[in-house]
Structures are given as C-alpha cells and as structure tokens.
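Enquirer: Note that the protein sequences, when read in sequence, are chains E and X. For the first sequence, the positions run 1 to 343 when the working numbering is used. For the second sequence, the positions run 1 to 309 when the working numbering is used.
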Amino acid sequence: MNTIRHGDAMLTDWRDSATRFQNEVGKVVVGQERAVRLVTIAIFARGHVLLEGDVGVGKTTLLRAVARALGGAYERVEGTVDMMPSDLIYHTYLADNGRPRVEPGPVLRRAEDLSVFFFNEINRARPQVHSLLLRLMAERSLTAFNREYRFPDLQVFADRNRVEREETFELPAAARDRFLMEIGMEAPRDAQARRDLVFDPRFHDTDALINGLQQGVIDHAAVTGIAGAIQHTIQASPEIEAYVVALWEALVRPAEAGIRISGIDMAALIKGGVSPRGLAFLVRAARVRAWLDGREFLVPEDIRDVFPEVMAHRVFLEPVYEMRRETIVPGLIRAVFEMVPAP
Amino acid sequence: MRRLILLLFALFALTGPAWAQVRSVEVRAPRPFGYFVGDLVRVQVDIKVDPGFSVQAASLPQPGSVTYWLELRSITVDETRQADTARIRLNLVYQSFYAALDARALEIPGFALTVASNGQSGITTAKAQVPAWSINVSPLREVQPPPREDPLEYMRPDGRAPLLDPEPQLKWAALFAGLALLALILLARDRAWGPFGKRRGRAFAAVQRSLRGLGRRPDQDIAYREALIALHRGLDETDGRRVLADDLPAFLARHPAYRVEENGLACFFHASRLTFFGRETAAARSQWSLAEVEATAGKLAAAERMAGG
C-alpha cells in the first residue's frame, strides 16, 4: 500500500538520500567534496555536466562512481578523432553468416532506460559528434531507425583534459551552453587525501573501487519528478530575482556596472554569451543547493556558490582576451559579486 | 615760513575775455639755491581761474626728461573750489642731474596749461602759462682734489645699511608654515594620501545616523527593511565587498574588532534572510526587533571608533 506523504516530508527524505549519495561517492573520490557536491546538484537539477581538469585527477573515476551510485543504465564512449555521429547511434558489423548487420549503437542500446551517458574525452571527437549531442542534451531525444527515441532520465556526463591541444576540437558555443555546469577538477590539496591516494592500494584498482560502491543509492527513475518538485518548492523572493538580474547585467556590461580590472578595457571585454538559458540553469542549480541546505527559499549564497561552474563557460570574451580567460573570467565573476548588492 | 615765494604774480596779457579766465599763476619753491647733483626740486604751482574752469589733463607736462640735465619725476594736480574762484595746485617734483663745476644759476623751463570750462554755450578754453624760473646749483667738491696714493680713497665708503630685525618675519614664516602643514594634512586626509590611505569611512556611524527616526515611521515593515538594508550597506562598505550571511566568519576574521557583536551580526543575517528571501518580515521582526537593529548598529559604531577606523 502506498502511503501518501506530505510533499515537504518527501523532499526531506530525498535530501537524506542525496546526502547518502554524496557520502557514497565521497568514499571513492577523496578530497573532491566540492566537485561531488556540484555533481549532486547537477543530478537534481537534471543538467548535464562537463568535467575538465588535469590528467589523472579522477575525472573519470568520479563520473563512474556517480553513474554507479545513481543506478540505471549506463553507457560510455571514448571520443576519438575518427568518431562519427553514426558511431554513437548504430553499430555495424558482419554477422556470423557473412551478412552486414546494423544494430543500435551505444546511445540506443539501452533504449529509453539510459540514465547516464558518459562521454570520455569529449574534445577529441569531431564537431559533427558535438552537433549530435546538442539535440540529445537539449531535447533528450534522437531519431534513428525511422523512429524517435526519448530518454526522459538521460544525463550526459562528459570530461576533457586541459593539457593537450593537438587533435582536439573546441566544443561549439551552442554545445557548451547546453551543459549545466563545467566543473574544474584539481588534485586534492588536503595532505591526508593526497597521502591516501598515493599509498592506499584501495585507490590503485579503480574497477574494484567502483564495484565496491553501493549501487543505486538513489532511485534514478524518480529523480526527474523530484527535480521538478524541488524547482516548484523552493521560493525565489523579488529581492533574489532582482539580484540575479543585476548579476546578469553586471556580467554582460561590466563597464557600466562600475567594475574595473587592471589592464583590461572593460567596455571591450565581453563579446557575448551569458544566455537567458544560462541564467535559468543558474537558478535551477541554486534552487537545488538551497534544497540540499534544507531551506525553502533561495538566498544569494546559493547563487554565488554555483555561479562559477554554471556561468563561467557561458561568457565569451573578445578574442584579444580569450587566451587569458582562465584568469580573467574568475576575476570578473569575483568582481561582479563584490559589486552587486544583496539584498 | 618754510616756503619762499619765488615769483609772484606772473600775469599774462591775454586778449579779450580770456584775460579774466586765468586770474593768477604762482610758483613756489622751498629755496632757489643750494642744489647738488641728484637733488630733488619740489615746486608748487597755484593757478587761480574763474569758477567752472578745470585743468585739461592732456595739457599737463608728462613725467620724464625735460632737458638734458633735468627730469620731471612726478606731477600731481589738486583742484579746490572756493566761492568766487577755483584754485588748481600742481605739485611737481624735478630732479637735477647737473654736475656743476662752479656755483651757477640754471633755468627750469616753463610750460603752458590749458584750462577749460564746459558751459551752456560750449566748451571755453584758456591757456595758463607757467613761467620759467631758475635755481642755483653748486659743485659737490673742488674741481682738482689733492692727489691720493690709492684711487679708492677718492671714493666715500658705502653707507651702512641698517640692521633689520628678522624676528617678526620669522614668526610670520613659522605661522604660515604651520598653516600650510595643517592644510596639507587636511588635504591628505581628504584625498586619503599616505597614512590616510588606510582610513575607512565611518560606515557604521553613518548607519547609526540613518537608523534615527525609522522607529517613528508609520509603516514599520518598510522601516525594518530599510534598517536591515542600511546595516547591509554598512557591512559592505566596511569590508569593501558584499558580505553575505555565509561570509560572516571570514568577515570577523578580517575585522576582529567586530567580534564583540558576533551574536548580533548572526541574528542580523538570520533576520535579513527571513525578511528579504523568506518573505517573513513579521517573523523576523518578532525574533529580532528594530530596537535590536539599532542597538547592534550602535555597538558596531562604537567598535568602529575603538578600532580607529
């Protein structure tokens, strides 16, 4: 018998699940509390995540751990230069009887049950593949075998490393805009975590490590419904609305907001980006953070906490500054938060 | 009697009615003799004319060289009106540069003045001729002085300059230097130069001022929100950035002077969240009233003064 529970109580239960989920992933990915927390926020905001960082800092491990703890069908592809969009959809081969066969590829294999699609080294794939992802990410649907496939619970996780530039393709702006977050990962700073990672044999065998995780800590099929409930439950006051719009305005027109960064012509810094979709994603993510904090309303801290990961990759700078974006954009975001008053 | 009348009543025969217009010209000088090279010769010329006449400034002699040995240094005109006559008094200062070898008389040339009256029938003019007069000049020394071995002995020693007392000037200089320093300090404070660069505005004092009178407002909810916003802005100004509730520990670490009000600030941030983001102004007011806002602002302002902000 189903017991009818009050919506708030349901959300509270789910909050406990989310905490268990974070703890479970944290057993495997040590010293990356912020990344784990942001991925959790992304899951409950139903957003796609792009992880980027150095080689060997645990991007893939984190995503595998998240996929296992989340449960549901899971597919993984490795980006390569010669990968074509059809490689994701169809699998073509010669059967035993010598006849060519076409079967569903990685995306379609689990059909509509697919909950995590993990795209490793996404920047090694060609722009054609990125274009395919656009629809998959934005509409969670795909047309193949003359019919439309829908993936209501699909979440795309991708990673790329920042070290290599050869044989890689920069993601088009439209594709980047569809990622809810771009999470930068660095090796943990905490001395104990570093020691453990290097000397504890548990961390050396990634497969065993991942398999040791409890599977399906949260019910992946219910996350979509919970995500909707969170968005409707967490209130945004007029003050927070004004705050977000003021942040947006200051980020797009920093010179008019009175922001100064030495050595940079603020009037000719921002080329574009900072889309309304980006702002909507920001508020989605902030609402999830408020829910994880046990609040029923948004506060400026929610916005500020998720802002760099949600917004930084949506800011497009003039070409003269683009090469220095890794220092300019965080400085700009910090300045925006120091300038815009709340409330 | 200091002045000696040198020449009296030099009268001029003028035709027609002009005769009556210039009645008399008198030249007075202190003495007609005893002048050496470089001496000033002061002369007073009184011209009596008919009422209504006055001297035309353009006809006055111009200061400057008169002859090769004589220079007119200055000339002033003083006109007085009496009942039936007008008197024009010229004060002339000449300087003689004649290096005489013997005592001799030299003539100072006269000059003509034009006097004019602006009557009903037009302008009437007349000439007043100031006559030439002479002075006796004398040499300073004998023509052939006795020979000396050292030619410098012909020279007189330089006159001794009086010793000036620098005391008052030093006092004034010290006074103005003090004033200039004071002005510099005020300017440096205003512009936040040097040591004043670290000075912050008295942010919480301003908050305290702006909270005055809020308690008497008719709409207490709005007054309460204004008070919270004022305190937010005070914190922002003190820290130089926007301070949110989660930043309180970091804020207190940066500004340990305000640790005394840690509880008050925590209550403030809680109330602010409820008011602005939770839309529960009434609940916030019951937990932390406007009076407590004012009390906290007062304590913060006191801490700010103690910190020497």
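The C-beta atom is built at its ideal place from N, Cα and C for all residues, glycine as well.
1) Would you tell me roughly how many angstroms separate the C-alpha atoms of residue 275 of chain X and residue 244 of chain E, rounded to the nearest one?
2) Does the beta-carbon of residue 18 of chain E have 16 or more other beta-carbons within 10 angstroms, so that it is buried, or is it exposed?
3) Tell me the DSSP bridge mates of residue 286 of chain X?
4) Hey, how far is the Cα of residue 338 of chain E from the Cα of residue 241 of chain X?
5) Can you give me the C-alpha to C-alpha distance between residue 371 of chain E and residue 160 of chain E, rounded to a whole angstrom?
6) Once the 5 residues before and after residue 281 of chain E are set aside, which same chain residues still bring their CB inside 7 Å of it?
7) Determine whether the beta carbon atoms of residue 102 of chain E and residue 58 of chain E lie at a separation below 8 Å.
8) What did DSSP end up calling residue 13 of chain X once you bin it into helix, strand or coil?
9) Measuring only the C-alpha atoms, how far is residue 111 of chain X from residue 62 of chain X?
10) In chain X, which residues lie with their C-beta within 9 Å of the C-beta of residue 314 of chain E?
11) Could you name the residues of chain E that residue 277 of chain X contacts, counting a contact when the two beta carbons are closer than 7 Å?
12) Could you say if the segment 224-237 of chain E and the segment 253-266 of chain E meet the contact criterion of at least three C-beta pairs nearer than 8 Å?
13) Restricting to runs no shorter than 3 residues, where is the beta strand (DSSP E) found entirely within the segment 51-103 of chain E?
14) If you reduce the DSSP assignment to three classes, tell me which class residue 2 of chain X lands in.
15) Comparing C-alpha positions only, which one of E:208, E:154, E:184 and E:313 sits nearest to residue 270 of chain E?
16) Quick check on residue 225 of chain X: buried or exposed, where buried means 16 or more other Cβ atoms within 10 Å of its Cβ?
17) Grab me the residues of residue 127 of chain E's own chain with a C-beta within less than 8 Å of its C-beta, minus the 5 sequence neighbours each way, in chain order.
18) Hey, could you find the ends of the beta strand (DSSP E) residue 44 of chain X is sitting in?
19) With a threshold of 8 Å between beta carbons, is residue 236 of chain X in contact with chain E?
20) To which residues of the same chain is residue 214 of chain X closer than 7 Å at the C-beta, ignoring the five residues directly before and after it?
21) So residue 245 of chain X contacts chain E; which residues on that side make the cut at Cβ distance below 9 Å?
22) Taking the alpha carbon of residue 52 of chain X as the point to measure from, which residue in X:59, X:130, X:22 and X:233 has its own alpha carbon closest?
23) Taking 6 Å as the limit between beta carbons, can you name the residues of its chain near residue 122 of chain E, skipping five residues before and five after?
24) Using a C-beta cutoff of 8 Å, does residue 118 of chain E count as contacting chain X?
25) Does any CB atom of chain E fall closer than 8 Å to the CB of residue 241 of chain X?
26) Restricting to runs no shorter than 4 residues, where is the alpha helix (DSSP H) found entirely within the segment 228-271 of chain E?
27) Output yes if chain E places a C-beta closer than 8 Å to the C-beta of residue 270 of chain X; else output no.
28) DSSP state of residue 141 of chain E, grouped into three classes?
29) In chain E, which residues lie with their C-beta within 7 Å of the C-beta of residue 273 of chain X?
30) At a Cβ threshold of 8 Å, is residue 106 of chain E touching chain X?
31) Identify the continuous beta strand (DSSP E) that holds residue 301 of chain E and give its terminal residues.
32) Suppose you measure from the CA of residue 37 of chain E to the CA of residue 139 of chain E; what does that come to, to the nearest Å?
33) Return the chain-ordered list of same chain residues with a C-beta closer than 6 Å to the C-beta of residue 307 of chain X, the five sequence neighbours on each side being excluded.
34) Identify the contact partners of residue 342 of chain E in chain X, using a Cβ-Cβ distance below 7 Å as the criterion.
35) Please classify residue 169 of chain X as buried or exposed, where buried requires at least 16 neighbouring CB atoms within 10 angstroms.
36) Can you tell which of E:24, E:254, E:119 and E:301 has the C-alpha that lies nearest to the C-alpha of residue 335 of chain E?
Expert: Let me spell this out:
1) Within the second sequence, numbered from 1, the residue matching residue 275 of chain X stands at position 275. Within the first sequence, numbered from 1, the residue matching residue 244 of chain E stands at position 244. Between residue 275 of chain X and residue 244 of chain E, the C-alpha separation is close to 18 Å.
2) Translated into the one-based positions of the first sequence, residue 18 of chain E becomes position 18. With 16 or more other Cβ atoms within 10 Å, it is buried.
3) Translated into the one-based positions of the second sequence, residue 286 of chain X becomes position 286. BP columns for residue 286 of chain X are empty, so no partner.
4) Residue numbering aside, residue 338 of chain E sits at position 338 when the first sequence is read from its first letter. Residue numbering aside, residue 241 of chain X sits at position 241 when the second sequence is read from its first letter. Rounded to the nearest angstrom, the two C-alpha atoms are 5 Å apart.
5) In the structure as shown, chain E starts at 1 and stops at 343, and residue 371 of chain E therefore has no counterpart that could be examined.
6) As a first step, residue 281 of chain E must be located in the first sequence, where it is residue number 281. Only 47, 180 and 310 meet the Cβ criterion.
7) Locating residue 102 of chain E in the first sequence gives position 102, counting from the first residue. Locating residue 58 of chain E in the first sequence gives position 58, counting from the first residue. No, the Cβ-Cβ distance between residue 102 of chain E and residue 58 of chain E is not below 8 Å.
8) Taking the second sequence and counting its residues from 1, one reaches residue 13 of chain X at position 13. With a pLDDT of only 37 at residue 13 of chain X, under the threshold of 50, the placement of this residue in the model should not be trusted, and no figure is reported.
9) Start at 1 with the first residue of the second sequence, and residue 111 of chain X comes out as number 111. Start at 1 with the first residue of the second sequence, and residue 62 of chain X comes out as number 62. Cα-Cα distance, rounded: 11 Å.
10) Along the first sequence, read from residue 1 onward, the residue named residue 314 of chain E stands at position 314. Neighbours of residue 314 of chain E on chain X: none; closest Cβ ~22 Å, over 9 Å.
11) Counting from 1 along the second sequence, the entry for residue 277 of chain X is found at position 277. Residues of chain E passing the Cβ test: 237, 239, 240, 297, 298 and 299.
12) No contact exists between the segment 224-237 of chain E and the segment 253-266 of chain E.
13) With a minimum length of 3 residues, the unbroken runs of beta strand (DSSP E) contained wholly in the segment 51-103 of chain E fall at 73-78 and 90-94.
14) By 1-based counting over the second sequence, the position of residue 2 of chain X is 2. Residue confidence is low: residue 2 of chain X scores 42 on pLDDT, short of 50, so the model does not pin down where it sits. No coordinate-derived value is stated.
15) As a first step, residue 270 of chain E must be located in the first sequence, where it is residue number 270. Cα-wise, what sits closest to residue 270 of chain E is E:313.
16) For the purposes of this step, residue 225 of chain X is taken as the residue at position 225 of the second sequence. Classification of residue 225 of chain X: buried, given that the 10 Å Cβ count is 16 or more.
17) Numbered from 1 along the first sequence, position 127 holds the residue referred to as residue 127 of chain E. Once the five neighbours on either side are set aside, the close Cβ partners of residue 127 of chain E are 169 and 172.
18) Residue numbering aside, residue 44 of chain X sits at position 44 when the second sequence is read from its first letter. From DSSP, the beta strand (DSSP E) with residue 44 of chain X extends over 40-49.
19) The count along the second sequence starts at 1 and reaches residue 236 of chain X at position 236. A Cβ of chain E is located within less than 8 Å of the beta carbon of residue 236 of chain X.
20) As a working mapping, residue 214 of chain X is identified with position 214 in the second sequence. If the five residues before and after residue 214 of chain X are omitted, its C-beta is found closer than 7 Å to the C-beta atoms of 223, 226, 227 and 290, all from its own chain and listed in chain order.
21) The sequence position of residue 245 of chain X within the second sequence is 245, counting from 1. Within chain E, the residues near residue 245 of chain X are 299, 300 and 301.
22) Residue mapping note: residue 52 of chain X aligns to position 52 of the second sequence, counting from 1. Looking only at X:59, X:130, X:22 and X:233, the smallest Cα-Cα distance to residue 52 of chain X is reached by X:22.
23) Start at 1 with the first residue of the first sequence, and residue 122 of chain E comes out as number 122. Shown here for residue 122 of chain E: same chain residues with a beta carbon closer than 6 Å to its own, the five before and five after excluded, namely 79, 158 and 160 in chain order.
24) Working through the first sequence from its first residue, we reach residue 118 of chain E at position 118. Chain X places no beta carbon closer than 8 Å to that of residue 118 of chain E, leaving this residue out of the contacts.
25) Mapped onto the second sequence, residue 241 of chain X falls at position 241. Chain E contact via Cβ: present.
26) Counting whole runs of 4 or more residues, the segment 228-271 of chain E contains the alpha helix (DSSP H) stretches 238-252.
27) Here residue 270 of chain X corresponds to residue number 270 of the second sequence, with the count starting at 1. Among the CB atoms of chain E, none fall inside 8 Å of the CB of residue 270 of chain X.
28) Working through the first sequence from its first residue, we reach residue 141 of chain E at position 141. Strand at residue 141 of chain E.
29) As a first step, residue 273 of chain X is located in the second sequence; it is residue number 273 there, counting from the start. What residue 273 of chain X touches in chain E, judged by beta-carbon distance under 7 Å, is 299, going in chain order.
30) As a first step, residue 106 of chain E must be located in the first sequence, where it is residue number 106. Using beta-carbon distances, residue 106 of chain E does not count as an interface residue toward chain X, since no partner is under 8 Å.
31) Position 301 of the first sequence, counting from 1, holds the residue named residue 301 of chain E. Membership of residue 301 of chain E in any beta strand (DSSP E) is not indicated; the residue belongs instead to the alpha helix (DSSP H) covering 300-311.
32) Looking up residue 37 of chain E in the first sequence gives position 37. Looking up residue 139 of chain E in the first sequence gives position 139. Put simply, the backbone Cα of residue 37 of chain E is about 25 Å away from that of residue 139 of chain E.
33) In the second sequence, counting from the first residue as 1, residue 307 of chain X sits at position 307. Within the same chain, and ignoring the five residues on either side of residue 307 of chain X in sequence, the residues whose Cβ sits closer than 6 Å to its Cβ are 257.
34) The residue you call residue 342 of chain E lines up with position 342 of the first sequence. Within chain X, 242 and 244 have C-beta atoms less than 7 Å from the C-beta of residue 342 of chain E, given in sequence order.
35) Start at 1 with the first residue of the second sequence, and residue 169 of chain X comes out as number 169. A residue is called buried once 16 or more other Cβ atoms fall within 10 Å of its Cβ, and residue 169 of chain X, having fewer, is exposed.
36) Sequence index remark: in the first sequence, residue 335 of chain E carries index 335 (1-based). Of the candidates E:24, E:254, E:119 and E:301, the residue whose Cα lies closest to the Cα of residue 335 of chain E is E:254.
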